[in-house]
Amino acid sequence: MKTSSGRETRRYLLLMFILAFGFMLYEMAVLREMRFQITNMFMIGPLLFASVLWMIGLGSLLKGFLPFSTTRILKICVILLILISLVSFFLLIKLPQKIKPPFSADMFFRETPEEVEALQPKQIIKTFVITVPFSYGVIFLLQGIIFASLLTLAREKGFLSEIYASDLFASGIGAILGGILLLWLAPIPGVFVATLAFSVAAVLARNWLGIRKRTLAIIFALLVAFPLEEKIYGFLQDLETPEWLQERFVFSLWSPYQRIDVHKEASRVECYVDGWYFYSVPLPDGRYGSDAIILHPLSKSQGKIKKVLIIGTGLGRDVLMLNTLNQPDLKITAVELDPGFIEVARDIEPIWKTYKTAEIVVGEGRFFLENTQRKFDLIYYAYLDPRARVSNLSFPDANFMYTDSALSRCRSVLSPHGFLFIRRVIPPAVQERVIRQLCSTLRRAGITRDQTLIYLSKGAFYAGSFGLKSLYVFVKPAGFSQEDVKLINEGAEYADLLAVPWDEKSINPTTDIYPFSFGSENPVATLIYYLRKFKWFTIGLILVMLLLLVRLTTSISYTHFFLLGTSFLLVECILLYHSFLLIGNPWLSASLAVGVFLIGNAIGSLLSGRVDKRKGLIFLLPLFVALYAFSAPFLTKATLSQGHWVRFITFVLAAMPAAIMIGTIFPVSLRVFTRRSVPGLYFIDLVGCGIAPLIFWMLLSKFDLFIVSGVAALTYLLASAILFKFAR
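For what it's worth, our numbering labels the leading residue of the sequence shown as 240, then goes sequentially.
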């Protein structure tokens with residue numbers, strides 16, 4: 240084995256660190272933009288992330304065919320990164336706008352599914368498949384070439400553990416800092432920061448990579464010109480907004496979670512999130528027809544309902560609606576996850592004038608419920624999932640609000656005469672299952688049929704493939720009096736709703752380890768259903784899978800690395816799942832969780848030399864993974880009502896042993912299977928990573944989180960056994 244000098248090693252480590260940091264920022268910005276330009280349907284999300292991994296994998300595979308030296312490859316790729324990063328982002332914006340059928344806001348209000356082709360999942364998938372390779376995919380292709388080159392060189396010269404650790408440290412720091420930065424930065428500035436990181440790498444490596452001063456001058460000019468142009472002319476910002484939005488909307492904002500667009504008319508404000516119709520807010524003196532279901536009984540409550548908690552207030556629609564009761568002693572606490580909605584509402588005077596009379600809390604609803612010590616007369620679940628308007632390719636972020644534990648917590652937060660009111664939209668195609676699952680979950684939470692009233696809208700409002708119906712649920716732990724039932728039924732009649740009987744049949748209830756509800760179960764099956772509509776794509780995918788299967792069955796080393804990639808991302812998905820309620824801010828929680836996980840991996844990589852000497856230690860990996868995965872739900876539940884630092888420290892202590900052991904196995908494996916090229920092994924590893932999110936959601940929707948945890952531990956056990964057998 241050739242060895243490199245300390246100075247040479249430090250050069251490569253620094254280059255890997257800066258580039259890995261830039262790639263993480265670029266990925267986070269791109270995934271946010273993709274949600275806006277293509278779709279915010281949840282089940283497409285894993286595909287977006289998988290596409291990044293697969294393009295990195297293809298880049299790694301391509302590296303094996305390049306006849307150039309490592310230095311030349313790095314020089315070309317770093318320069319290309321800087322020159323095309325903004326161009327690829329431009330294509331990410333324009334290609335979906337050109338590929339998708341003609342679009343307009345009116346499409347969300349058509350009466351038949353056939354009239355809304357642009358909203359169909361098949362059109363969205365088609366746009367996604369065409370956009371990826373011709374836009375941001377090129378950037379991650381270059382990432383695959385660069386990383387495979389550096390890993391190959393590091394294995395040859397004996398600093399593999401260090402180079403892999405550098406990648407992981409930088410990615411972890413990038414995830415944390417990126418999560419913080421993107422709380423304030425829109426995707427376009429985020430991409431510019433990533434390009435700046437690539438440029439710093441080029442400047443620092445200019446001498447030993449042989450980058451000419453003329454090239455550096457062009458890079459410098461680009462870095463100066465782009466922010467000035469965006470500040471003065473806003474070229475990319477204007478392109479980012481599709482024409483139908485430019486023609487219609489008067490206010491737009493990038494929040495940490497989504498793009499919010501608002502159109503104000505004389506009688507209402509229309510709100511769109513990530514380019515999809517969310518809801519309308521009637522301005523003061525506007526009509527709240529369907530809300531008679533809740534307004535009528537409240538108006539006759541004779542002042543018994545004084546303290547109200549609204550979860551998911553958005554632009555304040557429900558605060559304005561309750562304000563029409565004209566009850567001065569009504570105290571409203573409004574909890575909203577997305578601070579972007581609050582910021583938008585501040586700029587709409589007719590809304591903010593009333594909205595600000597409530598106590599506004601920015602945070603996650605379940606987090607607030609678990610930590611509040613107050614009692615409320617009414618808890619109002621006002622969250623509407625805009626994606627449910629189009630299809631059940633959706634996993635609503637608020638599903639942790641509808642679990643048996645959350646509903647049980649509501650009971651303890653309600654006053655003796657208080658009640659819970661849930662307002663949702665559901666796809667009519669799964670109406671029967673939704674009601675059955677709702678009743679099963681309520682039963683598990685200790686709520687009986689005598690404590691529950693359920694109503695549905697008579698007709699469906701069509702949009703996309705499924706359309707929607709409005710679902711209304713009343714839960715009163717003390718039981719409904721005859722007068723309660725009479726008033727609620729009168730309100731339902733005014734709102735043109737139908738009473739729905741309690742369903743005694745049992746089905747999987749919604750729990751913290753099985754969070755599916757309201758027709759969102761088995762989104763993978765729905766995704767496969769739409770993918771099958773693309774004949775040639777399906778045939779190509781089947782052929783690729785067959786070739787992959789053949790390769791895995793004929794090479795134990797490839798099987799090993801495929802298991803490594805799959806299990807790595809399965810554990811990361813489990814980690815992200817448990818991070819949702821970590822600090823009351825899901826976006827920042829996820830960034831912190833991924834950052835901690837990757838930093839733990841980096842520590843493991845640095846310690847991997849010890850595993851080389853004592854191969855039996857590798858069996859600690861599946862053990863630690865199993866311990867974390869199976870204990871995490873109980874630790875999360877036990878610490879939900881504790882302070883931020885208690886939960887975060889508990890999370891770190893629980894996850895770190897598994898994260899460290901996970902970080903050891905990749906460099907150890909590359910040193911064991913030396914007969915195989917690094918690009919080929921890295922490619923197979925990334926293919927497994929890309930498939931893992933789909934496996935995660937498929938297993939979760941069919942079973943529960945404990946089964947997913949068992950599969951993750953088992954795949955690591957198989958990978959560890961293979962490594963132990965072939966290690967010398």
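Glycine included, C-beta positions come from ideal geometry on N, C-alpha and C.
Residue i burial status per 10 Å Cβ neighbour count (16 or more: buried)
| i | result |
| --- | --- |
| lysine 614 | exposed |
| methionine 267 | buried |
| phenylalanine 474 | exposed |
| isoleucine 781 | exposed |
| alanine 456 | exposed |
| threonine 793 | exposed |
| tyrosine 375 | buried |
| isoleucine 901 | buried |
| asparagine 565 | exposed |
| methionine 784 | exposed |
| tryptophan 423 | exposed |
| tyrosine 594 | buried |
| tyrosine 472 | exposed |
| glutamate 468 | exposed |
| lysine 339 | buried |
| glutamate 509 | buried |
| valine 463 | exposed |
| isoleucine 778 | exposed |
| serine 696 | buried |
C-alpha distance - residue i paired with residue j, whole-angstrom precision
| i | j | result |
| --- | --- | --- |
| glycine 261 | glycine 429 | 10 Å |
| phenylalanine 719 | glutamine 690 | 6 Å |
| glutamine 276 | leucine 435 | 24 Å |
| isoleucine 499 | leucine 791 | 45 Å |
| arginine 250 | alanine 444 | 7 Å |
| serine 644 | tyrosine 816 | 16 Å |
| isoleucine 961 | leucine 787 | 19 Å |
| isoleucine 923 | glycine 804 | 8 Å |
| alanine 894 | lysine 744 | 39 Å |
| tyrosine 619 | glutamate 609 | 15 Å |
| phenylalanine 971 | glycine 383 | Because the chain is modelled from 240 through 967, residue 971 falls outside the range shown and cannot be assessed. |
| aspartate 496 | phenylalanine 307 | Going by the sequence as given, residue 496 is tyrosine instead of aspartate. Spanning the two alpha carbons is a distance of roughly 42 Å. |
| glutamate 353 | leucine 320 | The predicted position of glutamate 353 is uncertain, since its pLDDT is 48 and thus under 50; a value taken from the coordinates is nonetheless stated next. Cα to Cα, glutamate 353 sits roughly 42 Å from leucine 320. |
| valine 629 | leucine 707 | Because valine 629 sits at a pLDDT of 48, beneath the cut-off of 50, its placement in the model cannot be relied upon, and the following sentence gives the value as read from the coordinates. Cα-Cα distance, rounded: 8 Å. |
| leucine 253 | phenylalanine 660 | 55 Å |
| lysine 337 | leucine 681 | 46 Å |
| isoleucine 930 | phenylalanine 945 | 19 Å |
| isoleucine 312 | phenylalanine 836 | 30 Å |
| isoleucine 654 | alanine 699 | Reading off the sequence, residue 654 comes out as serine, not isoleucine. Straight-line Cα distance between these residues: approximately 35 Å. |
| glutamine 476 | tryptophan 591 | 27 Å |
| tyrosine 753 | glutamate 671 | 19 Å |
| tryptophan 447 | alanine 441 | 10 Å |
| proline 716 | arginine 683 | 14 Å |
| glycine 417 | valine 432 | 10 Å |
| serine 290 | valine 907 | 27 Å |
| leucine 617 | isoleucine 686 | 16 Å |
Backbone secondary structure at residue i - three-state DSSP
| i | result |
| --- | --- |
| leucine 808 | helix |
| proline 352 | Residue confidence is low: proline 352 scores 47 on pLDDT, short of 50, so the model does not pin down where it sits. Its coordinate-derived value is still stated next. Residue state, collapsed to three classes: helix. |
| glutamate 509 | strand |
| threonine 793 | helix |
| tyrosine 955 | helix |
| serine 916 | coil |
| isoleucine 544 | coil |
| proline 481 | coil |
| isoleucine 665 | strand |
| glutamate 588 | helix |
| tryptophan 493 | strand |
| glycine 657 | strand |
| tryptophan 515 | strand |
| arginine 445 | helix |
| asparagine 425 | Contrary to the premise, residue 425 reads as alanine rather than asparagine in this sequence. Residue state, collapsed to three classes: coil. |
CB contact below 8 Å: residue i versus chain C
| i | result |
| --- | --- |
| leucine 287 | Checking the listed chains, one finds no chain C in this structure; it contains a single protein chain. |
Check whether the segment 800-820 touches the segment 858-875, taking contact to mean three or more Cβ pairs, one atom from each stretch, closer than 8 Å.
-> yes
Quick check: the segment 914-922 against the segment 378-388, are there 3 or more CB pairs under 8 Å?
-> yes
In chain order, each alpha helix (DSSP H) run of at least 4 residues that lies wholly inside the segment 820-892 = The segment 820-892 contains these whole alpha helix (DSSP H) runs: 825-845, 847-852 and 859-878.
Would you call the segment 394-414 and the segment 360-367 in contact, with 3 or more CB pairs under 8 Å?
-> As far as the Cβ criterion goes, the segment 394-414 does not touch the segment 360-367, which means the pair count is below three.
Specify whether the segment 594-609 and the segment 574-583 touch according to this definition: at least 3 beta carbon pairs, one from each stretch, less than 8 Å apart.
-> As far as the Cβ criterion goes, the segment 594-609 touches the segment 574-583, which means the pair count is three or higher.
What runs of the beta strand (DSSP E), each 3 residues or longer, lie entirely inside the segment 678-765?
-> Whole beta strand (DSSP E) segments, 3+ residues: 691-696, 708-714 and 736-739.
Do the segment 737-753 and the segment 555-562 meet, that is, are 3 or more Cβ pairs less than 8 Å apart?
-> no
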